[in-house]
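Notes follow once the structure below has been shown.
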Amino acid sequence: MNSIYFIGSVPFTFAAFFQLLNATNQEQQEWKIFAYRPKNSGYIAGLTQWLGTILFNINTFDATRKLDWMEQDLLVWTPNMMGSILFLISAFYLLKEISFKWIWGDRENLSVWINMLGCVAFMISAIASIYLSDPLPTAFVQLALVNTGVGAICFFVSAFIGLTRLPK
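To convert, count from 1 in the sequence shown and add 21; that's my numbering.
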């Protein structure tokens, strides 16, 4: 099962990198793979989300190894928690772009709020999966799995809504 999570984390990271590329190249300038745009909220959101997905890759790869509970906390839970914090930071910057307002019927606005819901779900998953002892209580495992799934679905739906903004 953990191998499936790791395999799934790779396209997740590519998708976040493509979001970063999109935010990097929004301005009418020569196309760039990397740029530093610290005053652009969309860019900061894309960068922090991409970095969060890299930590998620580390987290899911380390989960494929046989580790004791202390190693689980250090090598699996820590990158999970740090990645989830970066996801929340990215959501903050996206919300900043829409002035933290809910606008009924606006697709971009809806996409941002669904993304935020996904970020919160990933954070709940990270909190629920801290190893205080071995084995982790079943209720915590279920809470972590459900929220990981909810977070992934929210990110997918948010990205899909964003695709509707592409030129025809």
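Where is the CB? At the ideal position from N, CA and C, for every residue including glycine.
Residue interval of the alpha helix (DSSP H) (run including residue i)
i      : result
Arg128 : 128-149
Buried versus exposed call for residue i [16 or more other C-beta atoms within 10 Å across all chains shown]
i      : result
Leu41  : buried
Ser111 : buried
Phe143 : buried
Tyr64  : buried
Ile28  : exposed
Pro188 : Legend: pLDDT at Pro188 = 48, less than 50; position of this residue unreliable, value from coordinates given subsequently. Exposed, since its Cβ has fewer than 16 Cβ neighbours within 10 Å.
Val192 : No statement about residue 192 is possible, as the shown extent of the chain runs from 22 to 189 and does not include it.
Met91  : exposed
Ser120 : exposed
Ala165 : buried
Ala160 : exposed
Ala37  : buried
Pro158 : exposed
Residue i at chain B interface by Cβ criterion, 8 Å
i     : result
Ala56 : Reference to chain B is not applicable here, since this structure consists of a single protein chain.
Per-residue DSSP class, three states only, for residue i
i      : result
Lys189 : Here Lys189 scores only 46 on pLDDT, less than 50, and its place in the model should not be relied on; the value that follows carries that caveat. In the structure shown, Lys189 sits in coil (DSSP, three-state: anything other than H, G, I, E or B).
Ile25  : helix
Leu42  : helix
Ala56  : coil
Leu153 : coil
Pro32  : helix
Trp71  : helix
Asn168 : helix
Gln163 : helix
Ile124 : coil
Sub-8 Å separation of residue i and residue j beta-carbons
i      : j      : result
Asn78  : Ser30  : yes
Asn26  : Ala66  : In the sequence as displayed, the identity of residue 26 is Tyr instead of Asn. Cβ distance not < 8 Å, so Tyr26 and Ala66 don't count as in contact.
Ala56  : Thr74  : no
Asn136 : Thr81  : no
Thr83  : Ile151 : The sequence shown places Asp at residue 83, not Thr. No; because the gap between Cβ atoms is not below 8 Å, this pair is not in contact.
Ser105 : Gly183 : no
Gly139 : Gly172 : yes
Asn168 : Ala180 : no
Leu107 : Gln50  : no
Contiguous beta strand (DSSP E) assignments of at least 3 residues, all confined to the segment 77-121: Taking only runs of at least 3 residues, no beta strand (DSSP E) segment lies wholly in the segment 77-121.
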